[in-house]
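Enquirer: Residues in the sequence shown are numbered from 1 upward in steps of one, following the UniProt record's numbering. Even for Gly, the Cβ is constructed at its ideal location relative to N, Cα and C. Take a look at the following structure, please.
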Amino acid sequence: MEPPAGPGPGPVELEVTAENVESALYQLYFDPDMEHKNVAQKWLTQAQSSAQAWRFCWVLLGPDKIPEVQFFGASTLHVKISRHWGDLLSVQHDDLRMQLLSHILHFSSGPKMVLTRLCVALASMALNLIPQAWSQPVADMVKAFQPQKPDSEDGAKACQDPHSHCMTLLELLTVLPEEFQSCRLAQARRAQLRDALTGEWSVVCTVLRQLLQSQDSSDQVKEKVLRCLSSWVGLDVPLGGSHELVQDCFSTLSNPALFGTAVETIVDSISQPDCQRYVNALLSLMPLVLGLYEQLKAAAQDGDMETSHGICRIAVALGETHSRVLLEQLDHWQEYLALVNMILFCTGMPGHFPVNETTSSLTLTFWYTLQDDILSFDEEKQAVYLQVYRPVYFQLVDVLLRKSHYPCQEEYTSWSSDDKEQFRIYRVDISDTLMYVYEMLGAELLSNLYDRLGRQLMDPQLSAVWQETEALLFGFQSIAETIDVNYSDVIPGLIGLIPRINISNVMLADTVMYTIGSLAEWLSDHPVMLGGILPMVLRGLAKAELSVSSISTLKRICRECRSDLAPYAQDILSVSQDVLVQEVHKSSQCSWLMQALGFLLSSLPEEQILGRLLSLISPHIQQLGSLVQQEANPTNKQNIVHILGMLSSLFSTLETSRCSDGSEGAASPRLTPNPVVVVLQQVFALVQNILSRWLHDSEVVEAVCGVFDKSVRTLLHDFGPMVGQLSEMLGQIYSTFPQASALDLTRQLVHIFAGEEHHTSNIRSLVHAMTSATLSIFQQEPREHPDVAESFMHLHAQILRRRPDLYQSDQLDVKALFFCGILSMNFPETPTVKAACFFFTEFLSRCKDMPVLDEVLQRDGKLLTETLLQAIGGGSSSSPMEQFSDVLLGLNRLCPSRLCEWLEESLQAPGFPSVHVTSEQKLTFTQQILRGQTNKREIKESVKAFSLLCRGLQGSGVSQF
1 MEPPAGPGPG PVELEVTAEN VESALYQLYF DPDMEHKNVA QKWLTQAQSS AQAWRFCWVL
61 LGPDKIPEVQ FFGASTLHVK ISRHWGDLLS VQHDDLRMQL LSHILHFSSG PKMVLTRLCV
121 ALASMALNLI PQAWSQPVAD MVKAFQPQKP DSEDGAKACQ DPHSHCMTLL ELLTVLPEEF
181 QSCRLAQARR AQLRDALTGE WSVVCTVLRQ LLQSQDSSDQ VKEKVLRCLS SWVGLDVPLG
241 GSHELVQDCF STLSNPALFG TAVETIVDSI SQPDCQRYVN ALLSLMPLVL GLYEQLKAAA
301 QDGDMETSHG ICRIAVALGE THSRVLLEQL DHWQEYLALV NMILFCTGMP GHFPVNETTS
361 SLTLTFWYTL QDDILSFDEE KQAVYLQVYR PVYFQLVDVL LRKSHYPCQE EYTSWSSDDK
421 EQFRIYRVDI SDTLMYVYEM LGAELLSNLY DRLGRQLMDP QLSAVWQETE ALLFGFQSIA
481 ETIDVNYSDV IPGLIGLIPR INISNVMLAD TVMYTIGSLA EWLSDHPVML GGILPMVLRG
541 LAKAELSVSS ISTLKRICRE CRSDLAPYAQ DILSVSQDVL VQEVHKSSQC SWLMQALGFL
601 LSSLPEEQIL GRLLSLISPH IQQLGSLVQQ EANPTNKQNI VHILGMLSSL FSTLETSRCS
661 DGSEGAASPR LTPNPVVVVL QQVFALVQNI LSRWLHDSEV VEAVCGVFDK SVRTLLHDFG
721 PMVGQLSEML GQIYSTFPQA SALDLTRQLV HIFAGEEHHT SNIRSLVHAM TSATLSIFQQ
781 EPREHPDVAE SFMHLHAQIL RRRPDLYQSD QLDVKALFFC GILSMNFPET PTVKAACFFF
841 TEFLSRCKDM PVLDEVLQRD GKLLTETLLQ AIGGGSSSSP MEQFSDVLLG LNRLCPSRLC
901 EWLEESLQAP GFPSVHVTSE QKLTFTQQIL RGQTNKREIK ESVKAFSLLC RGLQGSGVSQ
961 F
């Protein structure tokens, strides 16, 4: 077929006629040129909004048109009814309804896509007319599609294909609530429509029951009935009036062709929280659900995952959504217990999740819900329920541990990476469930696990099945990870059993390591047990396959038990040094290991720390020296960054002030330099050499700054001897090649040492150097360095907070810094904008006491106000609104009269800060800001609402304007 000429490749003003619309549709669907398609798409969208669309849509629905054209006609009709209903006069409504019904009748035999759009259009029309102009649309639709007598003109047509007309009626009834759910309505109107529709539910329910029970209904009709019921359930139709229909749905579960749809419908029907008002209706469904148990068992035995999954969903929907109300029906306690046991069977579904079964994971939330409901009763009732359900929960623990079993090594190796990841997540969910179940079962659960583990390890035949040992340890670990087990009398026995476990299997060894790690706090209270456990951890440390678990466990032990590790320090350091030198572990794990060793070294007598520290890092320092001498290439760079990262991690936890006098963070003068400072002084020349060769590489510079940053944060005032030479080096490297990491390190130095007079000269010189170099950037292309701008703003906010007197210096150009803040506030990057706001908030808080700051503000405060308004009005993303509010609040508290003047002058400009706001709305905003002088919350809400208004968005608070 040769398509007619469309609107062409460029913007044109074609008359909106049926012929031109049809031509554009051919261009959209059949023209291979994407540009032509896009032009046609745009023009067609405009055509749908035109007044002519009310006429051309009927032409496009003609029987001689291709389905794509007919579909556009039907879609246009829906657009006009749903969005342009006001175009029609009330006298036109009946004609439109009759035309729509006639066309729906015509298209009842297809095409399906056209029929559906026409049904949606009629549904939209009904929603516009209910209840005043069309009181009973559902009853009228049912009547219109009832089989007619053959002697009537429409009836002859209707009887030709009763199946199609039945399907059409079901389509109408299905899309009506869907259209209600999707359309935008005011709250009062939505409530009115919902009441009107649910008032007609009895008519729908009767039709659906008749069709579902009829012997003449095809599978296609029954499936449509099920989907229709699901659609109406979304309106919260009462279960009390429809439970018989839901019961009828159960009969379709035996039909494989309908099974999936029937499951969805039943689950939708009984998952409505409102169903709890209809206890008798719920109880009437209980035998039907329990009646599926045999079908469930057969499906599980046959490996029919679809059937077992569907039946499980139904059981869980009933048991979980209504657990409390069903628990309270004491006359039916045996039925509910039977349902709970049915769900327990689903939890223990044969096979390995997710490869052989996907059902068991559906049930886990149910066990939380049931337990919460049981424990929410008063003590007397609770005791009765616990007597019944505690045995069930002990069975649940057995089931969960069995489900957590790994398959054999060969089978597990064959799993895809996605299956392995899903299984890992599944085990995390099981772990969370076990931890939760402990609340109900208490110490008896740990005793149960311990007894089983003891029997497992004492019997050679049982211990050969490593999965069972692993699962029991996994259970212990799940509970010990979050529950305080310090007072459990089984933990000493468990610690005694662990060394008996053969950790030749990787999965078992991993769990052994994590279990030991989960008991680190207990070990800190019982250090005598460390000797039996640590050798096992150190053996794991030497194995690359146990990298994550062994290192994380050692780190936890070193952190929690540091004061008792002196007897084991040499062994830990020796093994750690070996694995680091041999590069057994990846970079991230090496960093964790260094953190562990930092905790360990911190606990040693101070006279031992330096020697052991030098012994630990010397090989790495030597390697670093060698790498610096070699050719600069990506491999060498990564090695340098790796070593610097390890040093950063080590220094982040090596805090020695606690050793000198027992008081953490003590600021008393040291008699000897801190060991970390000694090391840093020794390697300082090497660090300078690295920077001289890699100064233009931000990754290397960041890694170097990271070493000092972590040291400063950990050592605090003990870092003092390094301040002079580090400040000099930072000023030099930043002046040569400015990078954000150097600014961040400077901020740390200001934070800690700005208040110490003997460091004032160094800090002042460093701040001047960093500021001078950064101002040069702002004079050139600051937008290319958002990270530098962000860090610079944070630095000066810190200076204003800690040493505002630095702003009294002639070497700091306050006006230039003010303009840097203005420029930063105009950046597209939100973090940079927020940092600028932090700077101005600190700036404003100091103006009263510092004339040099106040002078700049009085001169350029209007510019700051305009910049804020521009950002609030859409020049910035919406996320920094709280920070904008803080700056406005600061201006309001400092100089309310000047702020009033600046706001009025700035907002006088037409279209500023947005064309979406009127002069009255600007005035209201100004008044709200000035009125909220001491109320941060009020200003924040006003700014947010004004910002939404400026952006043309509807949101909470806009109406106040």
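Pull up the CB-CB distance for Arg747 and His794, whole angstroms please, since I reckon it's below 8 Å.
Expert: Arg747 to His794, Cβ: 6 Å. Contact.
Enquirer: Going by alpha carbons, who is nearest to Phe366 out of Leu339, Pro354, Tyr385?
Expert: Answer by Cα proximity: Leu339.
Enquirer: Should Glu19 go down as buried or exposed, given a rule of 16 or more other Cβ atoms within 10 Å for buried?
Expert: By the neighbour-count rule (16 or more Cβ atoms within 10 Å), Glu19 is not buried but exposed.
Enquirer: Flag this pair as touching only if the segment 53-69 and the segment 35-44 have three or more C-beta atom pairs under 8 Å; answer yes or no.
Expert: Counting Cβ pairs under 8 Å, fewer than three are found: no touch.
Enquirer: For residue 1012, which residues of its own chain have a beta-carbon under 8 Å away from its beta-carbon, when the five flanking residues on both sides are left out?
Expert: Outside the shown range of the chain (1 to 961) lies residue 1012, about which nothing can therefore be said.
Enquirer: Name the residue from Val175, His322, Ala836 whose alpha carbon lies nearest to the alpha carbon of Thr369.
Expert: Taking only the C-alpha atoms, the option nearest Thr369 is His322.
Enquirer: Short check: CB of Arg117 to CB of Leu77, under 9 Å?
Expert: A contact, by the Cβ cut-off of 9 Å.
Enquirer: Three Cβ pairs or more, each shorter than 8 Å: is that satisfied between the segment 890-902 and the segment 849-866?
Expert: As far as the Cβ criterion goes, the segment 890-902 touches the segment 849-866, which means the pair count is three or higher.
Enquirer: With a threshold of 6 Å on Cβ separation, who are the neighbours of Ile532 within its own chain once the five nearest residues in sequence on each side are excluded?
Expert: Here the sequence assigns Gly to residue 532, which means Ile is not the residue at that position. Within the same chain, Gly532 has close Cβ partners Pro499.
Enquirer: Here's the rule: buried if 16 or more other CB atoms are within 10 angstroms of the residue's CB, otherwise exposed. What is His696?
Expert: His696 should be labelled exposed.
Enquirer: So which of Ser108, Ala191, Phe792, Phe180 has the shortest CA-CA distance to Ala123?
Expert: It is Phe180 whose Cα lies nearest to the Cα of Ala123.
Enquirer: To the nearest angstrom, how far is it from the Cα of Cys950 to the Cα of Asp248?
Expert: One C-alpha to the other measures close to 55 Å.
Enquirer: Secondary structure at Ala480, three-state DSSP: helix, strand or coil?
Expert: The answer is helix: DSSP assigns Ala480 an H, G or I state.
Enquirer: Distance check for Arg846 and Pro619, CA to CA, integer angstroms please.
Expert: Cα-Cα distance, rounded: 50 Å.
Enquirer: Buried or exposed: Lys224, going by 16 or more other Cβ atoms within 10 Å of its Cβ?
Expert: Buried is the call here.
Enquirer: For the alpha helix (DSSP H) containing residue 977, list its first residue and its last residue.
Expert: Residue 977 cannot be examined here, being either before or after the span of the chain that is shown, 1 to 961.
Enquirer: For Val142 versus Leu96, is the C-beta spacing smaller than 9 Å?
Expert: The answer is no: Cβ separation not under 9 Å.
Enquirer: If you follow the alpha helix (DSSP H) that Tyr293 is in, where does it begin and where does it stop?
Expert: Taken as a continuous stretch (DSSP letters only), the alpha helix (DSSP H) holding Tyr293 covers 293-302.
Enquirer: Would you kindly check if the distance between the Cβ of Val355 and the Cβ of Trp415 is under 9 Å?
Expert: Yes, the Cβ-Cβ distance between Trp415 and Val355 is below 9 Å.
Enquirer: Using 9 Å as the threshold, is the C-beta distance between Ser906 and Leu869 below it?
Expert: Their beta carbons are under 9 Å apart, which means Ser906 touches Leu869 by this criterion.
Enquirer: Assign Asp94 to one of two classes, buried (16 or more other C-beta atoms within 10 Å of its C-beta) or exposed (fewer than that).
Expert: With fewer than 16 Cβ atoms within 10 Å of its Cβ, Asp94 is classed as exposed.
Enquirer: Could you check if Cys408 is buried or exposed, using at least 16 other CB atoms within 10 Å of its CB as the buried criterion?
Expert: Exposed is the call here.
Enquirer: Val575 and Leu610: beta carbons closer than 9 Å?
Expert: Result no, Cβ atoms of Val575 and Leu610 do not sit closer than 9 Å.
Enquirer: Assuming contact is defined by CB atoms lying nearer than 9 Å, are Gln272 and Leu229 in contact in what I supplied?
Expert: In this structure, Leu229 does not lie closer than 9 Å to Gln272 by Cβ.
Enquirer: Smallest Cα separation from Val399: which of Glu411, Cys346, Glu444, His36?
Expert: When only C-alpha atoms are compared, the closest one is Cys346.
Enquirer: Given His931, which residues of its chain have a CB within under 8 Å of its CB, disregarding the five upstream and five downstream residues?
Expert: Per the sequence presented here, residue 931 reads as Arg, with His not at that position. Within the same chain, Arg931 has close Cβ partners Glu938.
Enquirer: Just how far apart, CA to CA, sit Lys381 and Ile483?
Expert: Between Lys381 and Ile483, the C-alpha separation is close to 26 Å.
Enquirer: By the DSSP assignment, the alpha helix (DSSP H) with Ala740 in it spans what residues?
Expert: Its alpha helix (DSSP H) spans residues 740-753.
Enquirer: Exposed or buried, what is Arg783 when buried is set at 16 or more other beta-carbons lying within 10 Å of its beta-carbon?
Expert: Result: exposed.
Enquirer: Measuring alpha carbon to alpha carbon, tell me which residue in Met167, Leu800, Pro63 is nearest Cys119.
Expert: It is Met167.
Enquirer: Please give the ranges of any alpha helix (DSSP H) in the segment 211-276, keeping only runs that are unbroken, at least 4 residues long and fully inside the region.
Expert: Whole alpha helix (DSSP H) segments, 4+ residues: 219-233, 243-250, 259-270.
Enquirer: Could you tell me how far apart the beta carbons of Thr363 and Ile343 are, in whole angstroms, since I believe they sit closer than 8 Å?
Expert: Right, their Cβ atoms sit about 5 Å apart.
Enquirer: Indicate whether the contact test is met: 3 or more Cβ pairs, each with one atom in the segment 385-405 and one in the segment 486-505, closer than 8 Å.
Expert: No, the segment 385-405 is not in contact with the segment 486-505.
Enquirer: In angstroms with no decimal places, state the Cα-to-Cα distance between Gly911 and Pro828.
Expert: Distance between the alpha carbons of Gly911 and Pro828 is about 21 Å.
Enquirer: Is it buried or exposed for Ser478, if we count other Cβ within 10 angstroms and need 16 for buried?
Expert: Ser478 should be labelled buried.
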